[in-house]
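Enquirer: Following this message is one structure expressed as structure tokens.
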Amino acid sequence: MVWLQHLKKVLTEGATTEVRGKRMVEIPQATIKVDMRKPVVAVSERKLNYKFMAAEAYWILSGDDSVAGIAPWNAKIAEYSDDGVRFFGAYGPPIKEQMAYVVGKLKADPASRQAGLTIWRQNPPETKDYPCTVAMFFSIRAGQLHAHVFMRSSDAWLGLPYDIFNFSCIAAYVLASLNDGAATHDMLFLGNLYLTMANAHIYETDLWKAIRVVGQDHRSTVLPLDDMRMAGMLLPPQWTVKPEALMDGLRETRGRGLGALQ
Numbered sequence: 003m004v005w006l007q008h009l010k011k012v013l014t015e016g017a018t019t020e021v022r023g024k025r026m027v028e029i030p031q032a033t034i035k036v037d038m039r040k041p042v043v044a045v046s047e048r049k050l051n052y053k054f055m056a057a058e059a060y061w062i063l064s065g066d067d068s069v070a071g072i073a074p075w076n077a078k079i080a081e082y083s084d085d086g087v088r089f090f091g092a093y094g095p096p097i098k099e100q101m102a103y104v105v106g107k108l109k110a111d112p113a114s115r116q117a118g119l120t121i122w123r124q125n126p127p128e129t130k131d132y133p134c135t136v137a138m139f140f141s142i143r144a145g146q147l148h149a150h151v152f153m154r155s156s157d158a159w160l161g162l163p164y165d166i167f168n169f170s171c172i173a174a175y176v177l178a179s180l181n182d183g184a185a186t187h188d189m190l191f192l193g194n195l196y197l198t199m200a201n202a203h204i205y206e207t208d209l210w211k212a213i214r215v216v217g218q219d220h221r222s223t224v225l226p227l228d229d230m231r232m233a234g235m236l237l238p239p240q241w242t243v244k245p246e247a248l249m250d251g252l253r254e255t256r257g258r259g260l261g262a263l264q
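Okay, structure coming up:
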């Protein structure tokens, strides 16, 4: 499983360093490839908050940047707001603002290499919430929609499982928008997420947890996005639904979790 392999890489190849008083192991660059049809890490020892996972994806795709819109699923996240009301680095507003451009570019030219959006702001002010993601690009090849994500920094233990899901859902929204109104023989399918990180790290406080997880046998470590029974996303494999159906599925999942995974 890609996430476990990435954890192992950071643990075995990482150098010890200290940033802002926190010790960690880090590698200076990494790229992972994830099948976006299976974006849900299902390693019980990681104790992921699946309701928050769905809530964050919904929050982002809604274009929301408010503390009130996400804090009910993760109260600690409010600590990163500068004013207690909004998040400077929220992905939602820039993604929503640029979504029409991305979809329009790919509809006009399915072979385009220009279907991108940026999240990082030029010359950002001092803030508690610098966005970890710089940009996303989307490409269509051989009937599949691929997502290319560039991150300045990625926490392999804490953040990456949520990032994989969020980026896959953003791509699923683009895909649903492209498929909306298309003929059946022109339908696209989810492809791969190519996630490049300028820095991948694990904090010292999480090292032993990561070591234990990597050392165990995990027979089932991912859940598919397009299986209603397992992932609760209310999307059939054909991806013939409208973008609103993805949002409905996320909204429902943030309330009840992913089946047996809560």
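First residue of the sequence shown: 3, per my numbering; consecutive thereafter.
Cβ coordinates follow ideal geometry from the N, Cα and C atoms, glycine included.
(1) Compare the C-alpha of L248 against each of A202, Q146, D182 and N201 and name the closest.
(2) Using a 10 Å radius around the Cβ and a threshold of 16 neighbouring Cβ atoms, would you call Y103 buried or exposed?
(3) Residue range of the alpha helix (DSSP H) that Q31 falls in?
(4) Quick one: grab the DSSP three-state call for Y103.
(5) What would DSSP say about F89, mapped onto helix, strand or coil?
(6) Determine, using beta-carbon pairs with one atom in the region 193 to 200 and one in the region 30 to 49, whether at least three such pairs fall under 8 Å.
(7) Note down the Cα distance separating L301 from K10, rounded to an integer number of angstroms.
(8) Measuring straight from C-alpha to C-alpha, what distance separates A44 and H187?
(9) Kindly indicate which three-state DSSP category K40 falls into: helix, strand or coil?
(10) Going along the chain, which residues of its own chain have a beta-carbon closer than 6 Å to the beta-carbon of L252, five neighbours each way excluded?
(11) Whose C-beta lies closer than 7 Å to the C-beta of R256 among residues of the same chain, with five residues either side of it excluded?
(12) For the region 101 to 117 against the region 151 to 160, are there 3 or more C-beta pairs whose distance is under 8 Å?
(13) Which runs of the beta strand (DSSP E) at least 3 residues long sit entirely within the region 93 to 161? Give them in chain order.
(14) Can you tell which of L160, S83 and H8 has its C-alpha closest to the C-alpha of Y132?
Expert: On the basis of the coordinates in this document:
(1) D182
(2) exposed
(3) It is not in any alpha helix (DSSP H) - Q31 carries neither H nor E in the DSSP assignment.
(4) helix
(5) coil
(6) yes
(7) This structure cannot speak to residue 301, because the chain is shown only from 3 to 264.
(8) 33 Å
(9) coil
(10) A56, A59 and Y60
(11) K53, A56, A57, Y60 and W75
(12) no
(13) 118 to 120, 135 to 143 and 146 to 153
(14) S83
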